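See below for the structure under consideration.
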């Protein structure tokens, strides 16, 4: 992914690169930056072919959870602005959530309702009660935590998945598209919704770098049926779990990445999953102590709202590049 430098030299170069990228984003503006690079279709990678491993590295890769929304920034989560900032600062992977509007269009959104993240005046308004056109006419709100309500940003609107993937394709970063809301069981017309999501992924300029994640095995199986070549990750809540998933269960639905709550992870579990051929990603530790524990446990990637802080913490270690 990137040239790897060590020690102070690495830190100095990294800080200059981050500053330059941030200035460039500010000067050209979000819409200009997002549209300045013509999208070139990328051949889909064959998930059954082995990927070349990068040289040994010293810290897990970093996933920018919903974009770079931490570190005191006033950015809307799941927005092109947040994702582009995360890429400029050196995040290994970008991450965004997806739900479907009432007309089965995949849009970038975490919650079932839109009140926390948009200008909609009805805090209980469900995204399934509106069309994609109605959703994208709203204004976005800055991130203020998973329960807080940030300030309205008049110049920014929530986006469809097509729009946000078009904006971030130029970064070259892998993108994790996280299916929220258990669409297989709860969606009004799940076959159409999975088909629409598969179509968006297949036609994206970032197609070969997109990983689709789901919270249930039926969700992943349904998406795998719609797009057998997609790279899939299984999201799993470890707290309160009676048993943990096995590789055979995950691989049966086409996935090979286990993306789990870090609070239930241990070194023996990570070793076991690795021996079964799985990559192990964790969400969402938020500081040096859990980051260090996850590094010691041997996980492959860490999702956090504090990607820049993570990269600074990792110095002079060298975070791993993308491997999926």
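Numbering (mature numbering (1 follows the signal peptide of the UniProt record, and there is no 0)), first residue to last: -34 to -1, 1 to 290.
Glycine included, each C-beta is placed from N, C-alpha and C at the ideal position.
The model shown is predicted, which means the values in this text are computed figures rather than measured ones.
{"Check": "Express the C-alpha separation of residue 167 and residue 173 in angstroms, rounding to a whole number.", "Outcome": "6 angstroms"}
{"Check": "What is the DSSP secondary structure of residue 180, counted as helix, strand or coil?", "Outcome": "strand"}
{"Check": "In chain order, what are the residue ranges of uninterrupted alpha helix (DSSP H) at least 4 long that sit wholly in the region 168 to 231?", "Outcome": "183 to 192, 213 to 218"}
{"Check": "How about residue 48 and residue 283: are their beta carbons less than 7 angstroms apart?", "Outcome": "no"}
{"Check": "With DSSP as the reference, label residue 285 as helix, strand or coil.", "Outcome": "strand"}
{"Check": "I think residue 78 touches residue 124, with their Cβ atoms under 8 angstroms apart; what is that distance to the nearest whole Å?", "Outcome": "In fact, because the Cβ distance is near 14 angstroms, the residues do not count as touching under 8 angstroms."}
{"Check": "Across which residues does DSSP place residue 63 in a beta bridge pair?", "Outcome": "144"}
{"Check": "If the criterion is Cβ atoms closer than 7 angstroms, does the pair residue 177 and residue 161 meet it?", "Outcome": "no"}
{"Check": "Apart from the five residues on each side of it in sequence, which residues of its chain come closer than 6 angstroms, Cβ to Cβ, to residue 94?", "Outcome": "68"}
{"Check": "In its own chain, which residues sit with a C-beta less than 7 angstroms from the C-beta of residue 290, not counting the 5 before and 5 after it?", "Outcome": "140, 177, 197, 223, 245"}
{"Check": "If distances are taken between C-alpha atoms only, which option among 272, 264, 275 comes closest to residue 286?", "Outcome": "264"}
{"Check": "So residue 50 and residue 142 are in contact, right, with Cβ under 8 angstroms, and what is the actual spacing, rounded?", "Outcome": "Contact doesn't hold; Cβ gap of about 16 angstroms is too wide."}
{"Check": "How many angstroms separate the CA atom of residue 134 from the CA atom of residue 239?", "Outcome": "31 angstroms"}
{"Check": "On a Cα-Cα basis, can you pick out the residue from 233, 80, 226, 237 that is closest to residue 270?", "Outcome": "226"}
{"Check": "Based on DSSP bridge pairs, tell me the residues matched to residue 245.", "Outcome": "223"}
{"Check": "Taking the alpha helix (DSSP H) that residue 45 belongs to, which residues open and close that run?", "Outcome": "Element bounds for residue 45: n/a, residue is neither H nor E."}
{"Check": "So for residue 85, helix, strand or coil by DSSP?", "Outcome": "coil"}
{"Check": "So, with DSSP's three-state summary, where would you put residue 107?", "Outcome": "strand"}
{"Check": "Whose CA, out of 276, 136, 113, lies closest to the CA of residue 175?", "Outcome": "136"}
{"Check": "If we call anything under 7 angstroms between Cβ atoms a contact, is residue 72 one with residue 122?", "Outcome": "no"}
{"Check": "What's the gap between the Cα of residue 130 and the Cα of residue 65?", "Outcome": "13 angstroms"}
{"Check": "My output table needs one value for residue 254: the three-state DSSP class, helix, strand or coil.", "Outcome": "helix"}
{"Check": "Please name the residue, chosen from 266, 182, 206, that lies closest to residue 237 on a Cα-to-Cα basis.", "Outcome": "266"}
{"Check": "Residues in its own chain within less than 6 angstroms of residue 40 by CB, not counting five upstream and five downstream?", "Outcome": "108"}
{"Check": "For residue 110, which residues in the same chain have their Cβ closer than 6 angstroms to its Cβ, ignoring the five residues on either side in sequence?", "Outcome": "116"}
{"Check": "Would you decide whether residue 215 is buried or exposed? Buried here means 16 or more other CB atoms lie within 10 Å of its CB.", "Outcome": "exposed"}
{"Check": "Could you tell me whether any Cβ in chain D is nearer than 7 angstroms to the Cβ of residue 85?", "Outcome": "Any reference to chain D falls outside this structure, which holds one protein chain only."}
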